[in-house]
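Visitor: Following this message is one structure expressed as structure tokens.
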Amino acid sequence: MAQIQCAIGIVVILGLTWLWSSNKRGISWRTVLWGLALQLILALIVVVFPPGVRAFQWFGDGVTWFLSFATQGAAFLFETSHCPPDKPLLASSLPSRSPP
């Protein structure tokens, strides 16, 4: 069901962009279809193909490792009371307000 919903969403977005286009005849549908095909291939590599899954997991771990330096710097600058280790930097830096 989720795949059908995603496909309908893509069709709706393409339809809206075509509807709002000022030059409907200037749209290169071949380019649009190539873009959709490349997006589908990349999604299959990331989700299904085991080396692709491992590569993106490795990349995500690298980004997390890199962002840990920002957390360490914020802890040094603001002391640990303002930057708890279990929260991301942005969530701990912004003031929290409860709704009235």
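In the numbering used here, the protein residues as written are 1 to 100.
Backbone N, C-alpha and C define an ideal beta-carbon position, used for all residues, glycine too.
Span of the alpha helix (DSSP H) holding L30?
Guide: The amino acid occupying residue 30 in the given sequence is Arg; Leu does not appear at that position. Where R30 is concerned, the enclosing alpha helix (DSSP H) stretches over 29 to 47.
Visitor: In three-state terms, what does DSSP make of S68?
Guide: S68: helix per DSSP, three-state reduction.
Visitor: Kindly list the residues whose CB is nearer than 6 Å to the CB of V46, restricted to its own chain and excluding five residues on each side of it in sequence; keep chain order.
Guide: For V46, where only same-chain residues beyond five positions count, the Cβ hits under 6 Å are G52, F56.
Visitor: May I have the straight-line CA-CA distance separating K24 from I41, to the nearest angstrom?
Guide: Their Cα atoms are separated by approximately 27 Å.
Visitor: Taking the straight line between their C-alpha atoms, what separation do you get for L33 and I10?
Guide: Their Cα atoms are separated by approximately 12 Å.
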